[in-house]
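This report concerns only the one structure given below.
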Amino acid sequence: MKALIIGSGIAGPCAAMALQQAGIDSVVYEARSTGADGVGVFLTLASNGIDALRSIGAEGPAVSAGFPTPAIDMVSTTGKALGQVRTSGPDGDTVSRTLKRADLYSAVRDEAQRRGVRIEQGKRLVDAQNTKDGVRAVFADGSEEVGDLLIGCDGLHSTVRGLIDPAAGAPGYSGLIGLGGYTSGVPVNTQVGSYQMMFGKRAFFGFVPSPDGQVWWFANLPHPKEPDRGALAGVDPEVWRHRLTSFFADDTGPAAELIRASREITPASPMHALRTVPAWHRGRMIIIGDAAHAPSPTSGQGASLSIEDAVELAKALRDLPNVEGAFTAYESLRRPRVERIVKQAARINNNKAAGPVGRIIRDLMMPVFLPRLANGEQSRQTYGYHIDWSTPTSADGATFGS
Ligand SMILES: Cc1cc2nc3c(=O)[nH]c(=O)nc-3n(C[C@H](O)[C@H](O)[C@H](O)COP(=O)(O)OP(=O)(O)OC[C@H]3O[C@@H](n4cnc5c(N)ncnc54)[C@H](O)[C@@H]3O)c2cc1C
C-alpha cells in the first residue's frame with residue numbers, strides 16, 4: 000500500500016512514521032518550499048502527545064527541543080490566584096513540554112526523513128479524486144501522483160476537507176488574535192517551567208520562564224472583526240509593543256514590563272477553531288489533525304491530538320482488512336474525544352474576552368470550577384490518554400487507546 004500524505008506540519012510526518020511502523024509506504028507533499036521558519040511562536044506538547052510519539056519511538060527530538068512545563072497558575076487582573084491547571088497525565092512520569100512551534104515541526108520532519116520518509120516541498124495540492132482502486136492527487140505545479148489512499152494533514156485551512164465534502168464548514172473565528180515574544184533581563188516571580196496565565200482587564204496574557212533565563216510570553220487580544228488573512232502579518236512589531244503595553248497597563252503582574260523589554264515580538268494571527276466537520280473521509284481520502292478538528296490554541300492540545308490521530312489511523316490501517324473499514328473504525332473512536340476537547344477549549348476562550356460584569360462573575364466562579372474542570376476526570380482523560388501500539392484495533396474502534 001502507498002499513502003499520499005498532504006502537509007508536513009505535525010500530523011503529516013507523524014503519520015508517515017506511524018505508517019512505516021505499520022508496514023505501509025508513504026510520501027509527504029508539503030506546500031511550503033522552505034523549512035518551518037516563521038510558523039508561529041511556541042506551544043505546549045502535552046503528555047498525551049509525547050505518549051503518542053513514544054508509541055512510534057519518535058519522542059526524543061521533540062522532547063529534547065523543549066523544557067518541562069507541568070502546571071499553569073491562573074490569576075486575575077489583580078493578581079488573585081484563581082487555581083492551578085495540571086498539564087500532565089496521572090502517571091506523573093510524562094510531563095508536558097514547551098517548545099518553539101518551528102522546533103516541533105523540524106523535530107518530527109527531520110526524524111521522519113532520518114527514517115527514510117520522502118518529503119517533497121513546494122507541492123501544493125489543488126485537487127484529488129477517488130479512482131476505481133485508489134486516489135489521484137493533482138498539484139499546483141501541474142504534476143500528479145497516484146496512491147492507494149490520501150491523508151489530508153493540511154491544517155486548519157485544509158484543501159482536502161473541501162475535496163471530501165464541498166459543503167464542509169470553514170473554521171470559526173474566535174474573536175481573538177494571538178501573538179507572543181521572548182524577553183531577557185526581566186525577573187519574574189515564578190520558577191523555570193512554571194506558567195502563569197492572567198485574565199487581564201482587556202486581554203489575556205501568559206508567560207513562562209525558560210531554562211536559559213528568558214521569559215517566553217503570549218497575549219490574546221479581543222478583536223471582534225475577523226482580520227483578512229495575512230492582514231496582521233505586516234504590522235510593525237513596534238506598533239504591537241505600544242498597543243500591548245497599553246492593553247496590560249492596568250493589570251497587576253509583569254505583562255507590560257515583559258512586553259516593553261522584549262527583544263522579539265512575533266507577528267499576530269487570528270485565532271480560529273474548527274468544531275464539527277461532518278465528513279472526515281470519503282472513499283480513500285481522509286483528513287486528520289487540524290484539518291478535521293481544531294481546538295482553539297487555548298486548549299494546548301491541537302498538536303498532541305494531531306499526533307494521536309496519526310498513530311491511531313496507522314494502527315487501524317494495519318489491523319483492518321480494508322481502507323474504508325479502517326477509516327470508519329478510526330472515526331468512531333476519535334470523534335468523541337476530539338470534539339469534547341474542542342468544546343472545552345471554546346468555554347475558556349469565552350472567558351478571555353469577558354466584559355466588565357462577566358469578569359466579576361468569572362473571577363468569583365473560576366476558583367470553584369477550575370479545579371473540577373482542569374484536574375478532574377476530564378483532564379485525566381485528556382492528558383493521560385495512552386496508545387498501546389501492540390493492542391489490535393477492532394472494527395468498531397473499541398480497542399483504541401486507553
Ligand atoms: C498561536 C497558536 C498557539 C498554539 N498553541 C498550541 C499549544 O500550546 N499546544 C498544542 O498542542 N497546539 C497548539 N496550537 C495548535 C497546533 O499548532 C496545531 O493543532 C497543529 O499544528 C496541527 O497540526 P497539523 O499537522 O494538523 O496542521 P499544521 O501544523 O497546520 O500543518 C499543516 C501543513 O500542511 C501544509 N499545507 C496546507 N495546505 C496544503 C496543500 N494544499 N498542499 C500541501 N500542503 C499544504 C501547511 O503548509 C502545513 O505545513 C497552537 C496554534 C496556534 C496558531
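Counted from 1, the sequence shown has number 130 at position 131 by numbering that gives the first Met the number 0; the numbering is strictly sequential.
All C-beta atoms, glycine included, are put in the ideal place defined by N, C-alpha and C.
MET16: which of ALA80, ARG108, SER63 sits nearest, CA to CA?
Taking the Cα of MET16 as reference, the smallest distance to any Cα among ALA80, ARG108, SER63 is reached at ARG108.
Quick check on DSSP: helix, strand or coil for ILE286?
ILE286 falls in the strand class under three-state DSSP.
Three-state secondary structure assigned by DSSP to GLN380
Reduced to three states, the DSSP call for GLN380 is helix.
Here's the rule: buried if 16 or more other CB atoms are within 10 angstroms of the residue's CB, otherwise exposed. What is PRO448?
There is simply no residue 448 to check, as the chain begins at 0 and stops at 401 in what is shown.
Residue closest to ALA101, alpha-carbon to alpha-carbon, out of LEU44, VAL145, THR86
Nearest of LEU44, VAL145, THR86 to ALA101, Cα basis: LEU44.
Return helix, strand or coil for VAL238, following the three-state DSSP convention.
In this structure, VAL238 counts as helix in the three-state DSSP scheme.
Any non-hydrogen atom of ligand 1 within 7 Å of SER303 CB
Yes, Cβ of SER303 sits closer than 7 Å to a heavy atom of ligand 1.
8 Å contact criterion, which GLN120 and GLU29 should meet: CB distance rounded:
Yes, GLN120 and GLU29 are in contact; Cβ-Cβ is about 5 Å, under 8 Å.
Quick one: measure Cβ to Cβ for ALA328 and ALA315, integer angstroms, because I've assumed they're closer than 8 Å.
Contact between ALA328 and ALA315 is confirmed by a C-beta separation of about 5 Å, below the 8 Å threshold.
Check this for me: beta carbons of ALA70 and ARG85, under 8 Å apart or not?
A contact, by the Cβ cut-off of 8 Å.
Residue burial classification, MET364 (beta-carbon count within 10 angstroms, cutoff 16):
Here MET364 is exposed: its Cβ has fewer than 16 other Cβ atoms, across all protein chains shown, within 10 Å.
VAL94 by DSSP, collapsed to three states: which one?
In the structure shown, VAL94 adopts coil according to DSSP, grouped into three states.
Have a look at VAL238, GLY22, PHE217 and flag the residue whose alpha-carbon is nearest the alpha-carbon of THR97.
The residue with the shortest Cα to Cα distance from THR97 is PHE217.
Any heavy atom of ligand 1 closer than 7 Å to the Cβ of CYS300?
The residue you asked about is not Cys; residue 300 is Gln in the sequence shown. Under cutoff, so the answer is yes.
Along the chain, where does the alpha helix (DSSP H) containing ASP147 start, and where does it finish?
Counting along the chain, ASP147 falls outside any alpha helix (DSSP H), and DSSP gives it neither H nor E.
Complete beta strand (DSSP E) runs within the region 297–351 (minimum length 3 residues, chain order):
Scanning the region 297–351 for uninterrupted beta strand (DSSP E) segments of 3 residues or longer gives nothing; none is fully contained.
Ligand 1 and ILE9: does the residue's C-beta get closer than 7 Å to at least one heavy atom of that ligand?
The answer is yes for ILE9.
Distance check for PRO170 and THR244, CA to CA, integer angstroms please.
For THR244 and PRO170, the distance between alpha carbons rounds to 30 Å.
Could you check if ARG100 belongs to the surroundings of ligand 1, using beta carbon to heavy atom distance under 7 Å?
Yes.
Please report the residue range of the alpha helix (DSSP H) in which ILE402 lies.
Residue 402 cannot be examined here, being either before or after the span of the chain that is shown, 0 to 401.
Helix or strand or just coil, what does DSSP make of GLY179?
Here GLY179 sits in strand by DSSP.
With a threshold of 7 Å (Cβ to nearest heavy atom), would GLU29 be considered close to ligand 1?
Distances between the C-beta of GLU29 and the heavy atoms of ligand 1 include at least one below 7 Å.
Where are the beta strand (DSSP E) runs, 3 residues long or more, that stay fully inside the region 200–252, in chain order?
203–208, 213–221, all fully within the region 200–252.
Can at least three beta-carbon pairs, one atom from the region 73–80 and one from the region 244–260, be found at a separation below 8 Å?
In short, these stretches touch, since the Cβ pair count reaches three.
Identify whether TRP388 lies in helix, strand or coil by the three-state DSSP scheme.
DSSP places TRP388 outside both helix and strand once states are collapsed to three, so it counts as coil.
Which residues bound the beta strand (DSSP E) around LEU273?
Careful: LEU273 lies outside any beta strand (DSSP E) and carries neither H nor E.
Could you please give the first and the last residue of the uninterrupted beta strand (DSSP E) stretch that includes SER75?
It spans 70–75 - the beta strand (DSSP E) in which SER75 sits, taken as one unbroken run.
Is MET197 helix, strand or coil when you go by DSSP?
The three-state secondary structure of MET197, taken from DSSP, is strand.
Is the region 233–243 touching the region 146–164 in the sense that three or more CB pairs, one from each, lie closer than 8 Å?
Three or more beta-carbon pairs separated by less than 8 Å are not found between the region 146–164 and the region 233–243, which leaves the two stretches without contact.
Using 7 Å as the cut-off, classify the Cβ of LYS314 as near or not near the heavy atoms of ligand 1, replying yes or no.
Checking the Cβ of LYS314 against ligand 1 gives no.
Simplified DSSP state of SER401, which is helix, strand or coil:
Residue confidence is low: SER401 scores 45 on pLDDT, short of 50, so the model does not pin down where it sits. No coordinate-derived value is stated.
Close Cβ partners of PRO67 (< 6 Å) along its chain, the five nearest in sequence each way excluded:
VAL94, ARG96, GLY192, listed in sequence order.
Say the cut is 7 Å; is the CB of ASP153 nearer than that to a heavy atom of ligand 1?
Checking the Cβ of ASP153 against ligand 1 gives yes.
Are there any heavy atoms of ligand 1 lying less than 7 Å away from the beta-carbon of PRO296, as far as the coordinates show?
Result yes, Cβ under 7 Å from ligand 1.
Terminal residues of the continuous alpha helix (DSSP H) containing VAL40?
It is not in any alpha helix (DSSP H) - VAL40 carries neither H nor E in the DSSP assignment.
Excluding the five sequence neighbours on either side, which residues of its own chain have a C-beta within less than 6 Å of the C-beta of ALA255, listed in chain order?
So the list reads THR244, PHE247, ALA248, once near-sequence residues are dropped.
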